[in-house]
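S.K.:
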Amino acid sequence: MAELPTNFIQQARDILGPKGLVQEPEQLAPFLTEWRDRWHGSTPLLAQPDSSQALAEFVSLCAQFKLPITPQGGNTGLVGGQVPQGEILLSTRRLTKVRAIDPKAMTLQVDAGVTLQQAAEAAAEHDLLFPLELASGGSATIGGAIATNAGGMGVLRYGNMRDLVLGLEVVLPDGQLWDGLSSLRKDNTGYDVKQLFIGSEGTLGVVTGATLRLFARPPTQITIWAGLERPEHAVELLAHLRGVFGEQISKFELISETSLELVLDHMHDARRPLQSQTPWHVLVEFGLSDPHSGPDQVFSALESALDQQMINDAILAKSQAEASALLALRENISAAQKSKGAAIKHDISLPLAAIAEFLQTAAEAIEQQAPGTRFCIFGHLGDGNLHYNLLQPVGMAAQEFLARRETITDIVHDLVHARSGSFSAEHGIGIAKIGEMQRYKSPIELALMQSLKQTLDPDHLMNPRLWFESAAQDKKDV
Ligand SMILES: Cc1cc2nc3c(=O)[nH]c(=O)nc-3n(C[C@H](O)[C@H](O)[C@H](O)COP(=O)(O)OP(=O)(O)OC[C@H]3O[C@@H](n4cnc5c(N)ncnc54)[C@H](O)[C@@H]3O)c2cc1C
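Residue numbering for the sequence shown follows numbering that gives the first Met the number 0, beginning at 0 and increasing consecutively.
Have a look at this one:
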C-alpha cells in the first residue's frame, strides 16, 4: 500500500485519539507475526478504537479513502487471515467490556475484544458456563471466534461458535453500525443476517459485540483417559458411552502415541497417564447432570468397554488437579510439536465411519512420499475432526520435508474429499487454503460466496486477500 494521505491520518487521529493509532515499527511488530511464526505481515497503521462507534467512524473514513482493512482480535488464527499484507490493521484489543449478563435468561453480552477466558470467567461468577474452550482461549477473542466460527473441545455437547451466538453487532464495510444484538432464541423474520458474519473471517465486516448463550454447569464432572489399539476402537467407545450417557459427554479427544510422547518430552512435570503403552489414547470428559449418573456408572461403562476389547486400560481422575493434568496433556500438544521440527498440518473432518480407513490409507500414501514421517495426530474425534499433523522424519532436513508440502497436502485433502470430508474443519480458509477453496468447493457455492462479498463489500476493502482466486497471488508472496 502506498503511503497514507496526510489528511487521512489527521482525521483518523481525531476519531481514534492518541492511544488508538500506532505507527511505530517496534510497537507494530507483535501484531505482524503469528503464533507459529509462519505468516509475517506489514501495515502502515494499527488502529485500536475503544468503542464500537469509534470503530464504525474509522471504517467509514477508510471507505471514503478506499483503504483496505485487516481486522484482528487475539492474533491466534492459524490460517493467516489476521496478518495484514500492507492493509490497515484494525484491532479490537481495546473493546473489552462485559456489557451485560442475564443469569435468568442465561445470556451474556460482550464487546468483541473480550477473550474467551474472560467470557467464561464472567459466566462462572454466576455459576454458569460459556462452553467454547480452546487452548488459545487466554488470547483468542469473542470477535475472532465468531469470525472463524471456532470449535474446540466442547463442540460435541455445546456446538461450535455459530451455535452459541444469539445476536451480533457489526460494522459493515461502508462504516454503518448494525445493531443486531438480539437475545431471542426464536425470531423467524426473514434471512438470519447474523449467520453471514459468523465464519466470514472478517471478509464482510467487523464484529464489535455479541450476545451469547450460556449453560447450566453440569453438577458432576468426570474425566477419564483410556489407552487403545486402533482408532476404530475409539469410534466404538464413543458410541458405547453415548448409549449410556447420551448428551452428557462434553469432550471426546483422540491422541496418537506420538503426540503423547512429544508432550511428555515438552512438559517437564507431566507424566504418562497409564502404565501400559498403546498406539492411541482418548481423553473423555463427562458433564453429568442426571442424578443417576456418577463415577460408578462411568466405571461400569469402562469395564464393559474393556470386556469388549475397545480399550486396553483406563483411569478416572480422582481430583480436579488430576483432571486438569490430563487435560493439559491434550492442550499442550500444539506447543510441544512446535519445538520438534518442521510440520505439515491439516485440520480435517470426516464422517466418523470413514476415519479409521482414512488413517490407514493416508499413512500408506505419506510413507511413500516421506518415509519415516512422524504422525502427530490428535483432535476432537467426537466431531470427526482431526488435526492431522505430519512431522519431519528424524534425519531428514526440514527444507527437504517442507518441499513435499504441496504434494502431501493434496494427497491428504483428496482422500478427505473423496470420503465427503472437509479440508478445513475449524480453522477456516484465510490465505492458507485459497487453493483448496478452488479445488474442492462447487462452482455454484463459490459463485454464491463471491456474490455475497460483492454485495456487502463492493470495493473489496475487508480482508481483501482472503478466500478467492483473485487473492491467491498474495498467498505466494507471504
Ligand atoms: C494453541 C492454539 C489452539 C487452537 N485451538 C483451536 C481449536 O481447538 N479450535 C478452533 O476452532 N481454533 C483453534 N485455534 C485457532 C484460533 O485460536 C481461533 O481461530 C480463534 O477463534 C481466533 O480468535 P482471535 O481473536 O485470535 O482471532 P484472530 O487470529 O485475530 O483473527 C482470526 C480471523 O478472524 C478475523 N477477525 C478477528 N476479529 C474479528 C472481528 N472482531 N470481526 C471480524 N473479523 C475478525 C481476522 O481478520 C482473521 O481472519 C487455536 C489456536 C492456537 C494458537
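For every residue, glycine included, the Cβ atom is placed at its ideal position computed from N, Cα and C.
(1) Y387 bridges to which residues according to DSSP?
(2) Quick one: what's F129 bridged to in DSSP?
(3) To which residues of the same chain is G427 closer than 6 angstroms at the C-beta, ignoring the five residues directly before and after it?
(4) DSSP on F467, reduced to helix/strand/coil?
(5) Going by Cα to Cα distance, which pick from E120, F422, R271, A369 is closest to Y387?
(6) How many Å lie between Y157 and L213 at the Cα?
(7) How big is the Cα-Cα spacing for R479 and D110?
(8) Skipping 5 residues on each side, what residues in its chain have a beta carbon closer than 6 angstroms to that of K475?
(9) According to DSSP, simplified to helix, strand and coil, what is E330?
(10) Could you check which residue in T202, L263, P272 has the C-alpha nearest to that of S450?
(11) Does the distance between the C-beta of A146 and the nearest non-hydrogen atom of ligand 1 fall short of 8 angstroms?
(12) Taking 7 angstroms as the limit between beta carbons, can you name the residues of its chain near H265, skipping five residues before and five after?
(13) Pick from Q26, D162, F251: whose alpha carbon is nearest that of A238?
(14) Report, in whole angstroms, the separation of the C-beta atoms of I223 and L315, which I expect to be a contact under 8 angstroms.
(15) Excluding the five sequence neighbours on either side, which residues of its own chain have a C-beta within less than 6 angstroms of the C-beta of T257, listed in chain order?
(16) How close, in whole Å, do the beta carbons of A62 and G174 come, if the pair is a contact with beta carbons under 8 angstroms?
(17) Spatial neighbours of A269 within its chain, please: CB distance less than 8 angstroms, with the 5 preceding and 5 following residues excluded, ordered by chain position.
(18) Less than 8 angstroms between C-beta atoms, sequence neighbours within five positions excluded: which residues of the same chain meet that for T277?
(19) Look up D306 in the DSSP assignment and say whether it is helix, strand or coil.
(20) Regarding T219 and ligand 1, is the C-beta to nearest heavy atom distance less than 8 angstroms?
(21) Ligand 1 and W34: does any heavy atom of the ligand fall closer than 8 angstroms to the residue's C-beta?
(22) Apart from the five residues on each side of it in sequence, which residues of its chain come closer than 7 angstroms, Cβ to Cβ, to L273?
(23) Does at least one heavy atom of ligand 1 sit under 8 angstroms from the Cβ of S333?
(24) By the 10 Å Cβ neighbour count, where 16 or more other Cβ atoms means buried, how is P290 classified, buried or exposed?
(25) Check V78 in the structure and name its three-state DSSP category.
(26) Does at least one heavy atom of ligand 1 sit under 8 angstroms from the Cβ of P70?
(27) Go to L414, then tell me how far its alpha helix (DSSP H) extends in each direction, as first and last residue.
(28) Quick one: is Q472 buried, meaning 16 or more other Cβ sit within 10 Å of its Cβ, or exposed?
(29) Do E168 and ligand 1 come close, with the Cβ less than 8 angstroms from some heavy atom?
(30) Figure out for me which residue from V21, K96, F129, M105 has the closest Cα to the Cα of L89.
(31) By the DSSP assignment, the alpha helix (DSSP H) with R156 in it spans what residues?
(32) Can the beta-carbon of I248 be found less than 9 angstroms from the beta-carbon of L282?
(33) Please classify K193: does DSSP put it in a helix, a strand, or coil?
(34) Under a three-way DSSP split, which group does H232 fall into?
(35) Which same chain residues, not among the five before or five after H412, have their C-beta less than 8 angstroms away from its C-beta?
(36) Which partner residues of W224 appear in the DSSP bridge assignment?
M.R.: According to the data block:
(1) I376.
(2) BP columns for F129 are empty, so no partner.
(3) V78, T147, E200, listed in sequence order.
(4) It is coil, neither helix nor strand.
(5) Ranked by how close their Cα comes to the Cα of Y387, the residues E120, F422, R271, A369 have F422 in first place.
(6) If I take the Cα positions, the gap works out to 10 angstroms.
(7) Shown here, the chain extends from 0 to 477; a query on residue 479 therefore has no answer.
(8) Low confidence applies here, because K475 scores a pLDDT of 41, under 50, leaving its location unreliable and the question unanswered by this model.
(9) Here E330 carries a helix assignment [DSSP, helix/strand/coil].
(10) Comparing Cα-Cα distances from S450 to each of T202, L263, P272, the minimum goes to T202.
(11) Answer for A146: yes, Cβ within range of ligand 1.
(12) Close CB contacts of H265 within its chain, under the 7 angstroms cut and outside five residues either way in sequence, are with N331, A334, A335, S338 (chain order).
(13) The residue with the shortest Cα to Cα distance from A238 is F251.
(14) Separation of the CB atoms of I223 and L315 is rounded to 5 angstroms, and the pair is thereby assigned contact status at 8 angstroms.
(15) Within the same chain, and ignoring the five residues on either side of T257 in sequence, the residues whose Cβ sits closer than 6 angstroms to its Cβ are R373, F374, C375.
(16) Rounded, the Cβ-Cβ distance is 5 angstroms, consistent with contact.
(17) So the qualifying residues of the chain are V262, L263, A324, A327, L328, N331.
(18) When the five nearest sequence neighbours on each side are left out, the beta carbons in the same chain lying within less than 8 angstroms of the beta carbon of T277 are those of G226, L227, E228, E256, N311, D312, in order along the chain.
(19) Three-state DSSP puts D306 in a helix.
(20) The nearest non-hydrogen atom of ligand 1 is 8 angstroms or more from the C-beta of T219.
(21) Answer for W34: yes, Cβ within range of ligand 1.
(22) Once the five neighbours on either side are set aside, the close Cβ partners of L273 are W224, G226, D312, I314.
(23) Taken from the Cβ of S333, at least one heavy atom of ligand 1 lies inside 8 angstroms.
(24) Result: exposed.
(25) The three-state reading of DSSP puts V78 in coil, since its state is none of H, G, I, E or B.
(26) Indeed, a heavy atom of ligand 1 lies less than 8 angstroms from the Cβ.
(27) Run containing L414: 404-417, per the alpha helix (DSSP H) assignment.
(28) Caution applies to Q472, whose pLDDT of 49 falls short of 50 and renders its modelled position unreliable; the value that the coordinates give is listed next. Taking all protein chains shown into account, Q472 has fewer than 16 neighbouring C-beta atoms within 10 Å of its C-beta and is therefore exposed.
(29) For ligand 1, not one heavy atom lies less than 8 angstroms from the Cβ of E168.
(30) Ranking the options by Cα distance to L89, first place goes to V21.
(31) Counting along the chain, the alpha helix (DSSP H) containing R156 begins and ends at 154-157.
(32) No. Outside cutoff.
(33) Under the three-state reduction of DSSP output, K193 falls in the helix class.
(34) The DSSP-derived three-state label of H232 is helix.
(35) Counting only residues of its own chain and dropping the five nearest sequence neighbours on each side, H412 has a CB closer than 8 angstroms to the CB of H345, I347, F422, E435, R438, Y439.
(36) Per DSSP, L282, I314.
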